[in-house]
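Numbers given in the numbering used here equal positions in the sequence shown, counted from 1, plus 218.
Using N, Cα and C, we set each Cβ at its ideal position, and we do this for glycine too.
Quantities reported herein were computed from a predicted structural model and do not represent experimental measurements.
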Amino acid sequence: MFGFKKKNITENEQEVTETLNPEVEAVSINETDSETKDTSIETETSVTNDASLDSETEEVATEEVKKKGFFAKLKQGLTKTRDNIKNRIDVAFDESRQIDDEFYEDLEEALVMADVGIDATEGIIDRLKEKVKERHIFDARECKKLLLDSIKEQMSLEQDAYDFENTQSVVLVIGVNGVGKTTTVGKLAHNLKDNGRKVMIVAADTFRAAATEQLEEWAKRADVDIISAQEGADPSGVVFDAVQSAKKKNIDTLICDTAGRLHNKKNLMEELKKMNRIIDREFPDAKRENFIVLDGTTGQNALIQAREFANVADLTGIIITKLDGTAKGGIVVAIQSELKIPVKYIGVGEGIEDLQKFDANAFVDALFE
Ligand SMILES: Nc1nc2c(ncn2[C@@H]2O[C@H](COP(=O)(O)OP(=O)(O)OP(=O)(O)O)[C@@H](O)[C@H]2O)c(=O)[nH]1
Ligand SMILES: [Mg+2]
219 MFGFKKKNIT ENEQEVTETL NPEVEAVSIN ETDSETKDTS IETETSVTND ASLDSETEEV
279 ATEEVKKKGF FAKLKQGLTK TRDNIKNRID VAFDESRQID DEFYEDLEEA LVMADVGIDA
339 TEGIIDRLKE KVKERHIFDA RECKKLLLDS IKEQMSLEQD AYDFENTQSV VLVIGVNGVG
399 KTTTVGKLAH NLKDNGRKVM IVAADTFRAA ATEQLEEWAK RADVDIISAQ EGADPSGVVF
459 DAVQSAKKKN IDTLICDTAG RLHNKKNLME ELKKMNRIID REFPDAKREN FIVLDGTTGQ
519 NALIQAREFA NVADLTGIII TKLDGTAKGG IVVAIQSELK IPVKYIGVGE GIEDLQKFDA
579 NAFVDALFE
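Quick look at the structure:
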């Protein structure tokens, strides 16, 4: 129903280039809907222009509400983790506490319980000890601030972390099955569209028909274009077609959903490598992002997965999902500190609004405050 159905399925990359139909058109879902939306925006704008002062105040207020909403959702999402460590953190940072070996042991225990991981925890505690010594700190509460600031600093992103959102870009979303790739593609498409970007998504998981249907549903919800093909079609071929269509339609960001499982793992990895090469070759000017999606509830296993996928594509960011379903949200800190790849987004629920840009300050505050 949506998208085109491709007849030629070929394994050979060169053949893919030659046999695919160059006339392929992306199907815009809800075209009438988007027309309706355009008109309503125009009307709103003209009203706004008439009362520009009011609108500025309103904008600031809306921004405030958004920020509050963002933090409330994050806090809500991290409830299980916070509850898990709250007692220990409170005991460790009790104002009557001496900063001694026992204090550091309690702290270490709290961090490990939240799944921050032994190595990352040791690093954090060592840095804290140094700072406490340097600054002659005796007050446990002051020490808490030092700890949080140090984790925030470690987790903060480079200025250019989200540059792809403002330029022509292709985002490849990879990860093992069930981690939340398709859901994340839908949420990300929605976020970008909401910021006025022209987004197209591509269902390169052709392994199961249900996967394409699921992404088509997300395309409808996010009101973005989708390219899809028949079950069993060559995934790299679908990506090839999507790239051509994205170029032709002057799409800002093309997001590729991929399979988490093929007939075997080697097969999957080879297919992902091939997709990566095709995007590089066919769209050299686009900014590239390769995001690995990791399920926050799988704990340290996520680290092993990330290392494996790093062999197929240069991972430029990590997306950690299902943080609302785990008491071990500290895994975000462990993953970032061990892989040295930035965590760029986190999933805090199943809804379309539940993908957040990673904000180190907000994250650490939501976890420990
Ligand atoms: N609670 C919660 N559930 C999530 C989140 N992200 C994804 N899910 C759920 O996780 C399940 C799997 O999500 P999918 O998006 O289908 O995962 P996938 O990686 O595409 O799976 P495959 O296509 O089988 O590889 C779905 O039930 C999602 O609703 C999240 O942030 N929080
Ligand atoms: Mg999927």
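Worksheet item: Taking the alpha-carbon positions, what's the Ile559 to Ile497 distance?
Response: Straight-line Cα distance between these residues: approximately 21 Å.
Worksheet item: Sorry if obvious, but does the Cβ on Asn395 come closer than 8 Å to a heavy atom of ligand 1?
Response: The nearest non-hydrogen atom of ligand 1 is less than 8 Å from the C-beta of Asn395.
Worksheet item: How should Thr250 be labelled, buried or exposed, when 16 other C-beta atoms within 10 angstroms of its C-beta is the threshold for buried?
Response: Here the model assigns Thr250 a pLDDT of 33, short of 50, so the residue's position is not dependable, and the following value carries that caveat. The residue in question, Thr250, is exposed, as its Cβ has fewer than 16 Cβ neighbours within 10 Å.
Worksheet item: Applying the criterion that 16 or more other CB atoms from any shown protein chain within 10 Å of the CB defines a buried residue, is Lys304 buried or exposed?
Response: Exposed: under 16 other Cβ atoms inside 10 Å.
Item to complete: Provide the residue span of the beta strand (DSSP E) that contains Asn508, from first to last.
Response: Segment 505-513, the beta strand (DSSP E) holding Asn508.
Item to complete: Tell me whether the beta-carbon of Ser564 lies closer than 9 Å to the beta-carbon of Gln554.
Response: The residue asked about is misnamed: residue 564 is Ile in this sequence, not Ser. No, these two residues do not count as a Cβ contact at 9 Å.
Practice prompt. For Thr400, name the three-state secondary structure that DSSP assigns.
Written response: Thr400 sits in a helix when the DSSP states are folded into three classes.
Worksheet item: Which of the three DSSP states, helix, strand or coil, is assigned to Leu573?
Response: Here Leu573 carries a strand assignment [DSSP, helix/strand/coil].
Worksheet item: DSSP on Gly341, reduced to helix/strand/coil?
Response: In the structure shown, Gly341 sits in a helix (DSSP, three-state: H, G or I).
Worksheet item: DSSP on Leu472, reduced to helix/strand/coil?
Response: Three-state result, Leu472: strand.
Practice prompt. Would you check if the stretch 537-551 and the stretch 279-296 touch, i.e. whether three or more CB-CB distances between them fall below 8 Å?
Written response: Yes, they touch.
Worksheet entry | Spatial neighbours of Val456 in its chain, beta-carbon cut-off 8 Å, leaving aside the 5 residues before and after | Within the same chain, Val456 has close Cβ partners Lys224, Val420, Ala421, Ala422, Thr424, Ile445, Ser446, Ala447.
Worksheet item: Beta-carbon separation of Thr515 and Val391 under 9 Å?
Response: The Cβ atoms of Thr515 and Val391 do not sit closer than 9 Å to each other.
Worksheet item: Between Gly547 and ligand 1, is the CB less than 8 Å from at least one heavy atom?
Response: Relative to ligand 1, the beta carbon of Gly547 is positioned no closer than 8 Å to any heavy atom.
Worksheet item: DSSP three-state call for Asp443: helix, strand or coil?
Response: DSSP places Asp443 in strand when its eight states are reduced to three.
Fill in: Helix, strand or coil at Val530 [DSSP, three-state]
Judged by DSSP in its simplified three-state form, Val530 adopts coil rather than helix or strand.
Fill in: Rounded straight-line distance, which links the Cα of Lys285 to that of Glu276
So the two alpha carbons sit approximately 14 Å from each other.
Worksheet item: How is Gly295 classed by DSSP in three states: helix, strand or coil?
Response: Gly295: helix per DSSP, three-state reduction.
Worksheet item: So Ala421 is in the beta strand (DSSP E); what residue range does that whole segment cover?
Response: Where Ala421 is concerned, the enclosing beta strand (DSSP E) stretches over 417-421.
Fill in: Which of helix, strand or coil DSSP assigns to Glu313
Glu313: coil per DSSP, three-state reduction.
Discussion item. Given the structure, does Gln588 come close to ligand 1, in the sense that its CB is under 8 Å from one of the ligand's heavy atoms?
Written reply: The chain is shown from 219 up to 587; residue 588 falls before or after that span and cannot be answered.
Item to complete: Could you spell out where the alpha helix (DSSP H) holding Leu366 opens and where it closes?
Response: 358-373 is the extent of the alpha helix (DSSP H) around Leu366.
Practice prompt. Tell me whether Val391 sits in a helix, a strand or coil according to DSSP, three-state version.
Written response: DSSP places Val391 in strand when its eight states are reduced to three.
Practice prompt. Report all residues from its chain with a CB closer than 7 Å to the CB of Val566; omit the five preceding and five following residues, and keep chain order.
Written response: So the qualifying residues of the chain are Lys291, Leu292, Gly295, Leu541, Asp542, Asp572, Gln574.
Worksheet item: Hey, quick one: how far does the alpha helix (DSSP H) through Tyr380 stretch, first residue to last?
Response: According to the DSSP assignment, Tyr380 belongs to no alpha helix (DSSP H), since it is labelled neither H nor E.
Worksheet item: Three-state secondary structure (DSSP) at Ala578?
Response: Three-state result, Ala578: helix.
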